[in-house]
Amino acid sequence: MKKTALSDEILLKIEKPERYIGNEINAVFKDKEKVDIRYAMCFPDVYEIGMSHLGIQILYDMFNKREDVWCERVYSPWVDLDRVMREKNIPLFALESQDNIKDFDFLGITIQYEMCYTNILQVLDLAQIPLTATDRTEEHPIVIGGGPCTYNPEPIAEFFDMFYIGEGEISYDPLFDLYKEMKKNGASRKDFLKAAASIPGIYVPSLYDAEYHEDGTLASFKPNVPEAPVRVRKQIVMDMNDVSYPDKPIVPFIRVTQDRVVLEVMRGCIRGCRFCQAGEIYRPVRERSLEFLKKKAQSMLDSTGQDEITLSSLSTSDYSQLGELVHWLIDNYRDKYVNISLPSLRIDAFSLDIMSRVQDIKKSSLTFASEAGSQRLRNVINKGITEEDIMKGSAEAFKGGWNKVKLYFMLGLPTETDEDVKAIAHLSDAVAMNYFDTIPKENRKGVRVQVTSSASFFIPKPFTAFQWSPMNSADEFLRKAHLCSDEFRQMLNHKSLRFMYHENELSELEGVLARGDRKLSKVIRSAYENGAIYDSWGEMFEKKRWTDAFAENGIDIDFYTLRERPEDELFPWDFIDAGVTKKFLLDEWHQAQAGVVTPNCRQKCSGCGAAVFGGGVCFESRK
Amino acid sequence: MKAGNKVIRLKFSKHGLMKYIGHLDVMRSFQKVVRRSGIDVAYSDGYSPHQIMSFAQPLGVGLESNGEYFDLEVQSADTTEKMMAALNEQCPEGIRILDAVQLPEKSPNAMASVNQASYTVRFREGHMPSFDIKHAAEDFLNAETVTVTKKTKKSTREIDIRSLVFDLVVLNNEDELNAYNEKNGIKTDCGSSEDRDTTVDFGAAAFPVIKMRVMASSGDNVKPGLLMQALSDRNNGGEIGDTDLMIIREDLFDESGKSLIEAGERF
Chain D
2 MKKTALSDEI LLKIEKPERY IGNEINAVFK DKEKVDIRYA MCFPDVYEIG MSHLGIQILY
62 DMFNKREDVW CERVYSPWVD LDRVMREKNI PLFALESQDN IKDFDFLGIT IQYEMCYTNI
122 LQVLDLAQIP LTATDRTEEH PIVIGGGPCT YNPEPIAEFF DMFYIGEGEI SYDPLFDLYK
182 EMKKNGASRK DFLKAAASIP GIYVPSLYDA EYHEDGTLAS FKPNVPEAPV RVRKQIVMDM
242 NDVSYPDKPI VPFIRVTQDR VVLEVMRGCI RGCRFCQAGE IYRPVRERSL EFLKKKAQSM
302 LDSTGQDEIT LSSLSTSDYS QLGELVHWLI DNYRDKYVNI SLPSLRIDAF SLDIMSRVQD
362 IKKSSLTFAS EAGSQRLRNV INKGITEEDI MKGSAEAFKG GWNKVKLYFM LGLPTETDED
422 VKAIAHLSDA VAMNYFDTIP KENRKGVRVQ VTSSASFFIP KPFTAFQWSP MNSADEFLRK
482 AHLCSDEFRQ MLNHKSLRFM YHENELSELE GVLARGDRKL SKVIRSAYEN GAIYDSWGEM
542 FEKKRWTDAF AENGIDIDFY TLRERPEDEL FPWDFIDAGV TKKFLLDEWH QAQAGVVTPN
602 CRQKCSGCGA AVFGGGVCFE SRK
Chain Z
-6 MKAGNKVIRL KFSKHGLMKY IGHLDVMRSF QKVVRRSGID VAYSDGYSPH QIMSFAQPLG
54 VGLESNGEYF DLEVQSADTT EKMMAALNEQ CPEGIRILDA VQLPEKSPNA MASVNQASYT
114 VRFREGHMPS FDIKHAAEDF LNAETVTVTK KTKKSTREID IRSLVFDLVV LNNEDELNAY
174 NEKNGIKTDC GSSEDRDTTV DFGAAAFPVI KMRVMASSGD NVKPGLLMQA LSDRNNGGEI
234 GDTDLMIIRE DLFDESGKSL IEAGERF
């Protein structure tokens, strides 16, 4: 039998021991004596969340295709095991070999959301690796971060030896080759970091110095060695059909969040919603070919035995061959009882037709991401959906047999007035009304339409048009949520309506971290020392740990959230070249304030800067 | 059941890391094993069709087993050997299909058939009780009735556990174990050595080995821990903790005491 890092008695006393034993179908095992590089890939959250992440599956597969690398996985131990490991001084281990992470060459951490920052410290701490990068010695792994949050890595810069900016498929091979070569030659950690800084997409925080004005804003940000570039350009895949993608994804034993085969149809989004960071940093849109996707669907379903496949992207409706792909899947897998799941479809006649063929209408609900209640505010955020779209789409859906509708909104958007807030209730009511207008009483069969509206709080993110925007305070968020709630109660169809909203204090904190600078590393560390972990799990979040942490370090939350940033302010993330230019974003900020919409990438090129990558939608012929 | 379909009863073992996988996850895992193996399994009707598969009895997390069962309805089947090979090719490490038989028509399913179970129990090193287990077992078997309190999620009730125990033997050394195995026709080398591996090195706790056969019907299921606690209580032995025992389920039997695998024929 394979060994376990945890004793039988510990495994039997904690919740879900399956999280820590590995051994899943398609997990990769190698002889550790025969590899040069041992890489631990970490998602700093619990197993069920981490195992659902596509990016890790792609890189795990790609790294392990190299004979000289063994990539293994590690996730955050849940709080019950966390306690035991600290008590008994058990170091954090990788799932496959069950060996200690601290003896690996690399610890790679994917950083998908700001509220996992304290979990990153938990992982380092349990692994017995010094939290601060500059305290690490030749014996410690190189800690490397990746994922969307690295588009502003500054709040966590202190904890990482390097960040990889962009899509992992490009620069890891040169990074591994360099590491192998330098390790063989006995180079020091410092020398390796310096050399790695020259690899495209690699950012080594210790090789840059930040200086601040008296008011706390950034005065300058410069490399302190010639090897480090002034700007770090994101790395992206330009040929989506000639790139590694798993054929044999790992099959977890326990039910995970994304418990199905994931087929990524494209990257990027043509839409350009002004609040959306993903829509900017993954530009330009790049599609995979039908042939590529058919081949992968087949190999993944065969090798896993999964009974569901999902088509994944930021906006699957915009995949140009969606119809062909879905019909092929239905033709080939319907009689094998494979479910096809289609998230994030825009509701229209075409998508309703597809959905009615692959879903149980009675059970499923339709989702409209309206984001704002009024048309004025939808123009401000460049959300290209109109009330007419929603009414037409929902009417068709009601006729097709659906009677559950979900509406997504944000509170606290730039220029928002109380009237805009109330409009959320009005729009929701109109959708319910639309049901009664569309479906005659005798056809309703005693079912009541259900409209569930949920509001999150708007958080300005780097690399969006709203990176200059002030954010609402936690109190203001709550006031608006209550205002909206009250308006819902006054609606004619209020019995068919439900309204829910997100945690306001968590949102405020996320706002601080999203546009934070290096000064915040100390706050995050203090919060962790005050006991903060699993902050993204509402029930674990305790505000006091954080407010104390800000106070202990003399950092003012409002500086990061309430300020409207001047147009000429140097941002901590400006040294990253994401393709999309700051000038384009600033134009978009002006257009937003004027309420002017910008066409999507297929309608008209707006010259965002992503064409510099030489491919994708930027070079498609326009309709 | 559709005309022409067959019901296959499969016997499997669960060892090593698989003992940490709960019953529901083992079932889900087998659904995927069956899909990957390409077996011509039958699906239920309805909007969300599922494989027609029924398991005999859940095995608790932490227990290993040499005798677990599920019934699988198939539209067609090759031979026992080919089906076992196809499934074993796809089973996760620690799970091994040991046998497959076709059930006669209208046989009761595995779950309804289970009446008794046999177990091998050891005390974990450092958790050996203070009383003489062999003596306690003999004393128990000689008693007319032994009343214990059985707690379930729903209720607490008094039962006579003596009447639910069919066999109880304590083996104190290698010789006794070998003699027991020989007498009962138990082969000790079934499956590959890797699969036979347990998660714990028994070390000094290898003996005594406690062999038992107890009631395991849905109404009167005796867990090995309950019997061991009854022995302890009669001998002032104190509480036996959840993880003090290392338990292997050996086999499941019907009301007449026949192993569930004997309900059908190899094909």
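Going down the list, the protein sequences come from chains D and Z.
Just add 1 to the spot in the first sequence (first one is 1) and you have the working numbering.
Letter 183 of the second sequence, counting from 1, is numbered 176 in the working numbering, and no numbers are missing.
Cβ coordinates follow ideal geometry from the N, Cα and C atoms, glycine included.
Using only CA atoms, which one of D/219, D/195 and D/252 lies nearest to residue 225 of chain D?
Taking the first residue of the first sequence as position 1, residue 225 of chain D is located at position 224. The residue among D/219, D/195 and D/252 with its C-alpha nearest the C-alpha of residue 225 of chain D is D/195.
Can you find a C-beta in chain D that's less than 8 Å from the C-beta of residue -3 of chain Z?
In the second sequence, the residue the question calls residue -3 of chain Z occupies position 4. Residue -3 of chain Z does not count as touching chain D.
Chain D residues whose Cβ lies nearer than 7 Å to that of residue 22 of chain Z:
Here residue 22 of chain Z refers to the residue found at position 29 of the second sequence. Those within 7 Å of residue 22 of chain Z in chain D are 254.
Every unbroken beta strand (DSSP E) inside the segment 326 to 414 of chain D [3 residues or more]:
340 to 342, 367 to 372 and 405 to 412
Under a CB-based cut-off of 8 Å, is residue 86 of chain Z close to chain D?
Taking the second sequence and counting its residues from 1, one reaches residue 86 of chain Z at position 93. Yes, residue 86 of chain Z counts as interfacial toward chain D.
Anything in chain D within Cβ reach of residue 55 of chain Z, meaning under 9 Å, just list it in chain order.
The residue you call residue 55 of chain Z lines up with position 62 of the second sequence. The contact set of residue 55 of chain Z on chain D, defined by CB atoms closer than 9 Å, consists of 9, 12, 13 and 18 in chain order.
If you scan the segment 112 to 154 of chain D from start to end, which runs of the beta strand (DSSP E) of 3 or more residues do you find wholly inside it?
143 to 147
Does the beta carbon of residue 306 of chain D sit closer than 8 Å to a beta carbon anywhere in chain C?
In the structure shown, chain C cannot be found, because the protein chains are D and Z.
Residue 392 of chain D to residue 348 of chain D span [Cα, whole Å]:
Within the first sequence, the letter at position 391 stands for residue 392 of chain D. Within the first sequence, the letter at position 347 stands for residue 348 of chain D. The C-alpha of residue 348 of chain D is placed about 10 Å away from the C-alpha of residue 392 of chain D.
For a contact meaning CB atoms closer than 9 Å, what does residue 236 of chain Z contact in chain D?
Working through the second sequence from its first residue, we reach residue 236 of chain Z at position 243. Neighbours of residue 236 of chain Z on chain D, chain order: 9, 10, 13 and 14.
Given a cut-off of 8 Å, decide if residue 116 of chain D and residue 559 of chain D are closer than it, judged by their beta-carbon atoms.
Position 558 of the first sequence, counting from 1, holds the residue named residue 559 of chain D. Position 115 of the first sequence, counting from 1, holds the residue named residue 116 of chain D. The answer is no: Cβ separation not under 8 Å.
Distance CB(residue 520 of chain D)-CB(residue 556 of chain D) smaller than 8 Å
Within the first sequence, numbered from 1, the residue matching residue 520 of chain D stands at position 519. Within the first sequence, numbered from 1, the residue matching residue 556 of chain D stands at position 555. Contact: yes.
Can you tell me which of the three DSSP states residue 254 of chain Z falls into?
Along the second sequence, read from residue 1 onward, the residue named residue 254 of chain Z stands at position 261. In the structure shown, residue 254 of chain Z sits in a helix (DSSP, three-state: H, G or I).
Could you have a look at residue 85 of chain D and say whether DSSP puts it in helix, strand or coil?
Here residue 85 of chain D refers to the residue found at position 84 when the first sequence is read from its first residue. Helix, per DSSP.
Three or more C-beta pairs below 8 Å linking the segment 179 to 190 of chain D and the segment 208 to 225 of chain D:
With the cut-off at 8 Å, the segment 179 to 190 of chain D and the segment 208 to 225 of chain D do not touch.
In chain D, which residues lie with their C-beta within 7 Å of the C-beta of residue 13 of chain Z?
As a first step, residue 13 of chain Z is located in the second sequence; it is residue number 20 there, counting from the start. In chain order: 12, 18, 19 and 22.
Taking beta-carbon pairs under 7 Å, can you tell me which members of the segment 167 to 181 of chain D lie near chain Z?
none
Partner residues on chain Z for residue 62 of chain D, Cβ-Cβ distance less than 8 Å:
Here residue 62 of chain D is taken as the residue at index 61 of the first sequence, counted from 1. Going along chain Z, no residue has its Cβ under 8 Å from residue 62 of chain D, so there is no contact; the nearest lies around 18 Å.
Mapping DSSP to helix, strand and coil, what is residue 463 of chain D?
For the purposes of this step, residue 463 of chain D is identified with residue 462 of the first sequence, where counting begins at 1. Coil.
Chain Z within 8 Å of residue 275 of chain D, Cβ atoms only:
For this step, residue 275 of chain D is matched to residue 274 along the first sequence. No, no contact with chain Z.
Say whether chain D places a C-beta atom closer than 8 Å to the C-beta of residue 28 of chain Z.
Translated into positions along the second sequence, residue 28 of chain Z becomes position 35. At least one chain D Cβ lies under 8 Å of residue 28 of chain Z.
For residue 25 of chain Z and chain D, any beta-carbon pair shorter than 8 Å?
In the second sequence, residue 25 of chain Z corresponds to position 32, counting from 1. It does; some Cβ of chain D falls within 8 Å.
What is the C-beta distance between residue 94 of chain Z and residue 67 of chain Z, in whole angstroms, given that I count them as a contact (C-beta under 8 Å)?
As a first step, residue 94 of chain Z is located in the second sequence; it is residue number 101 there, counting from the start. As a first step, residue 67 of chain Z is located in the second sequence; it is residue number 74 there, counting from the start. Their Cβ separation, rounded to whole angstroms, is 13 Å, which puts residue 94 of chain Z and residue 67 of chain Z out of contact at 8 Å.
Residue burial classification, residue 448 of chain D (beta-carbon count within 10 angstroms, cutoff 16)
Here residue 448 of chain D is taken as the residue at index 447 of the first sequence, counted from 1. Residue 448 of chain D comes out exposed.
By how many angstroms is the C-alpha of residue 545 of chain D removed from the C-alpha of residue 411 of chain D?
Indexing the first sequence from 1 puts residue 411 of chain D at position 410. Indexing the first sequence from 1 puts residue 545 of chain D at position 544. Spanning the two alpha carbons is a distance of roughly 26 Å.
Does DSSP put residue 149 of chain Z in a helix, in a strand, or in coil?
Reading the second sequence from its first residue, position 156 is the one you call residue 149 of chain Z. Three-state DSSP puts residue 149 of chain Z in a strand.
Bridge-paired residues (DSSP) for residue 109 of chain Z:
As a working note, residue 109 of chain Z is residue 116 in the second sequence. Per DSSP, Z/208 and Z/246.
Just checking: is the beta-carbon of residue 201 of chain Z within a distance shorter than 8 Å of some beta-carbon in chain D?
Here residue 201 of chain Z is taken as the residue at index 208 of the second sequence, counted from 1. At least 8 Å separates the CB of residue 201 of chain Z from every CB of chain D.
Given residue 21 of chain D as reference, the closest of D/61, D/40, D/38 and D/98 once Cα atoms are compared
Indexing the first sequence from 1 puts residue 21 of chain D at position 20. Cα-wise, what sits closest to residue 21 of chain D is D/98.
Report yes or no: is there a C-beta of chain D within less than 8 Å of the C-beta of residue 10 of chain Z?
Residue mapping note: residue 10 of chain Z aligns to position 17 of the second sequence, counting from 1. At least one chain D Cβ lies under 8 Å of residue 10 of chain Z.
Can you find the residues in the same chain that come closer than 6 Å, C-beta to C-beta, to residue 72 of chain D, ignoring five residues on each side of it along the sequence?
The residue labelled residue 72 of chain D in the question sits at position 71 within the first sequence. Here the set comprises 40, 42, 61, 64 and 65.
Boundaries (first-last residue) of the alpha helix (DSSP H) holding residue 511 of chain D:
Position 510 of the first sequence, counted from the start, is the residue given in the question as residue 511 of chain D. Annotation: the continuous alpha helix (DSSP H) that includes residue 511 of chain D extends over 505 to 515.
Quick check on residue 98 of chain D: does DSSP put it in helix, strand or coil?
Your numbering for residue 98 of chain D matches position 97 in the first sequence. Coil.
Which residue marks the beginning of the beta strand (DSSP E) containing residue 1 of chain Z, and which one marks its end?
As a first step, residue 1 of chain Z is located in the second sequence; it is residue number 8 there, counting from the start. Unbroken beta strand (DSSP E) run through residue 1 of chain Z: -1 to 7.
Assuming residue 419 of chain D is part of the alpha helix (DSSP H), what are its boundary residues?
Numbered from its first residue, the first sequence carries residue 419 of chain D at position 418. First-last of the alpha helix (DSSP H) with residue 419 of chain D: 419 to 439.
Contacts of residue 338 of chain D in chain Z (Cβ-Cβ under 7 Å):
Taking the first residue of the first sequence as 1, we reach residue 338 of chain D at position 337. Within chain Z, the residues near residue 338 of chain D are 36 and 42.
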